Amino acid sequence: MSDLQSLVDSQAIRDQLYRYCRSVDRLDIPLGHSVFHEDSHADYGAGVYQGPGRGAIDTICRQHDGLTSHSHQISNILIELDGDRAGSEAYMTGTMRMERDGKELQIFVRARYLDTWEKRDGRWGITRREVAYDHDEVREVTSMRGPSHSTRDGNDPSYNVLKGSAR
Amino acid sequence: MTISADEVADRLAITDKIYRYCRSVDRLDVPVGHSVFHEDSSADFGSYVGTGRGWIDYICEEHKKFLHHSHQVSNIIIELDGDWAGSESYVTATLRRQDGERIIQHEFWARYVDIWSKRDGDWAIDSRHCVVDYGSTREVNPLSGDERSRRDSSDPSYTVLKGR
Chain L
709 MSDLQSLVDS
719 QAIRDQLYRY
729 CRSVDRLDIP
739 LGHSVFHEDS
749 HADYGAGVYQ
759 GPGRGAIDTI
769 CRQHDGLTSH
779 SHQISNILIE
789 LDGDRAGSEA
799 YMTGTMRMER
809 DGKELQIFVR
819 ARYLDTWEKR
829 DGRWGITRRE
839 VAYDHDEVRE
849 VTSMRGPSHS
859 TRDGNDPSYN
869 VLKGSAR
Chain F
46 MTISADEVAD
56 RLAITDKIYR
66 YCRSVDRLDV
76 PVGHSVFHED
86 SSADFGSYVG
96 TGRGWIDYIC
106 EEHKKFLHHS
116 HQVSNIIIEL
126 DGDWAGSESY
136 VTATLRRQDG
146 ERIIQHEFWA
156 RYVDIWSKRD
166 GDWAIDSRHC
176 VVDYGSTREV
186 NPLSGDERSR
196 RDSSDPSYTV
206 LKGR
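Chains as they are written, first to last, in my numbering: chain L, 709 to 875; chain F, 46 to 209.
Below is the structure:
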């Protein structure tokens, strides 16, 4: 894979994977919708969500609203291109904080996003996503509380530097 | 600083191999792991010092003692020198094992320090030194059991990645 087009295509797919994380961390639904094609399907497991890809964004952003903060970090990304189609595996570590019964709990998930992609009208989007969960954990944590500018809406400072979103 | 398309392609090819190494040891896929190391390569993981491909055979067997594991690479620095390269990649690995009724998690923060060469157009490792910065072991309280992640070719990733 040394031709320039494949470098550009794989970079566009990596960018979309990161934008997915940005969407569910900032609760930015329009941004999340832009990662999935309209007729896409998402399978996050029977207990979480199975249905249209864009519906997954709606559901996850709604569920995340009940948490205090969260961060989805993608590491290893393997992409196999085949013209205007592609398959990818992306490792993800998600940490989510919530308050329950006066305690601060942290959920830790290690999972893999397994995606099928299509480039339509020049834009790469997911046509099918399946999530494989490797392991998870819930435990009580002690917060190091300090000043934070992180918000889960358009006031987050990231919106000053990234203007591409639909907000 | 200017960077050519060929250099970007070389960097991506090396990055791809670093990730395929993780895929190999997490899915226990020995052929994928062998493709990451040249035949005459060496590996030094402290507890193992020997050939690169021998390490894959050894660690895929050792990992069977665990329930599941995830090797996640973040920072990757690559220095190219023609058909040679050096790289450092940070890895956070979590491994779970059963101990009676308890689930124990081992966690390592380490760095893969690699020397690479491109032979017949294929980048692979000549030598890998795994440097462990620190680690921890503790009991964990799992949330849920999802049975779809497997450590063989029935894992759903094999339906989206067909290359190897």
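Backbone N, C-alpha and C fix where the C-beta goes; we use that ideal spot for every residue, glycine too. Quantities reported herein were computed from a predicted structural model and do not represent experimental measurements.
Exercise. Below 7 Å CB to CB, which residues in the same chain sit around H108 of chain F once its five sequence neighbours on both sides are set aside?
Key: V70, L73 and H114
Self-check item: Under 7 Å (Cβ pairs) to chain L, residues found in the stretch 103-128 of chain F
Solution: Correct list: H113, S115, Q117, V118 and S119.
Quiz item: Per the contact definition of three or more C-beta pairs closer than 8 Å, is the stretch 155-162 of chain F in contact with the stretch 127-137 of chain F?
Solution: A contact between stretches requires three or more CB pairs, one per stretch, nearer than 8 Å, and the stretch 127-137 of chain F meets this requirement with the stretch 155-162 of chain F.
Self-check item: Separation of G166 of chain F from V849 of chain L, as counted between CA atoms
Solution: 49 Å
Self-check item: Residue interval of the alpha helix (DSSP H) (run including A50 of chain F)
Solution: Judged by DSSP secondary structure, A50 of chain F falls within the alpha helix (DSSP H) whose first and last residues are A50 to R72.
Self-check item: Distance between beta carbons of R730 of chain L and T139 of chain F, contact taken as under 8 Å
Solution: Incorrect: roughly 24 Å between the Cβ atoms, too far for contact.
Quiz item: Does DSSP put R836 of chain L in a helix, a strand or coil?
Solution: Here DSSP, grouped into helix, strand and coil, assigns R836 of chain L to strand.
Quiz item: Looking only at DSSP bridge pairs, what is K871 of chain L linked to?
Solution: Partner(s): none; K871 of chain L has no beta bridge.
Exercise. Examine chain L for any beta-carbon lying closer than 7 Å to the beta-carbon of P187 of chain F, and answer yes or no.
Key: yes
Exercise. Starting from Q758 of chain L, follow its DSSP beta bridges and name the residues at the other end.
Key: DSSP, once it has assigned bridges, lists L:D751 as partnering Q758 of chain L.
Quiz item: Under the three-state reduction of DSSP, which class applies to T824 of chain L: helix, strand or coil?
Solution: Residue state, collapsed to three classes: strand.
Quiz item: Is there contact between the stretch 757-765 of chain L and the stretch 796-805 of chain L, where contact requires at least three CB pairs shorter than 8 Å?
Solution: no
Self-check item: Other residues of its chain near D200 of chain F: CB distance less than 7 Å, five sequence neighbours each side excluded
Solution: R72 and S194
Quiz item: Apart from the five residues just before and just after S796 of chain L, which ones in its own chain have a Cβ nearer than 7 Å to its Cβ?
Solution: I721, I785, L786, I787, D823 and W825
Practice problem: Output yes or no for whether 7 Å exceeds the beta carbon distance between V739 of chain L and C769 of chain L. | Solution: Correcting the residue identity first, residue 739 of chain L is Leu in this sequence and not Val. Not a contact, by the Cβ cut-off of 7 Å.
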